[in-house]
Amino acid sequence: MAANSNYELPDEMWMECFDHFDKASDLQNLALTCRSFHGICLPLISRSISYSMKISDTGRDVSKNWGNVNIRRDS
1 MAANSNYELP DEMWMECFDH FDKASDLQNL ALTCRSFHGI CLPLISRSIS
51 YSMKISDTGR DVSKNWGNVN IRRDS
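Mapping of the sequence shown onto UniProt numbering: position 37 corresponds to residue 37, and the numbering continues sequentially without gaps.
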């Protein structure tokens, strides 16, 4: 088996495989392994984004978690 045998599979096949990872940190680590995997993993990593906002009003700290934004890709 050749050292670069992973490049013989199309990106769509890799994406289907990587889509089964449960943790975003696993996808982030995989994205750091090579440029090809980075391009494949990036849409999977950014499909769910969490954010929060803190508002300060007259010395009180009012915090609200605005939740998750889920980005679905067309299948």
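For glycine and all other residues, C-beta sits at the position ideal for the given N, C-alpha and C.
Contact check for F18 and L9: beta-carbon distance about 11 Å, past the 8 Å limit, so the pair fails to qualify. DSSP places P10 outside any alpha helix (DSSP H), giving it a letter other than H or E.
Straight-line measurement puts the Cα of P43 at about 14 Å from the Cα of R35.
The DSSP assignment places complete alpha helix (DSSP H) segments of no fewer than 4 residues inside the UniProt domain "F-box" (8-42) at 11-18 and 24-31, in order along the chain. The C-beta distance from I45 to Q28 rounds to 6 Å, short enough to meet the 8 Å contact threshold. A24 and R47 have their C-alpha atoms spaced approximately 10 Å apart.
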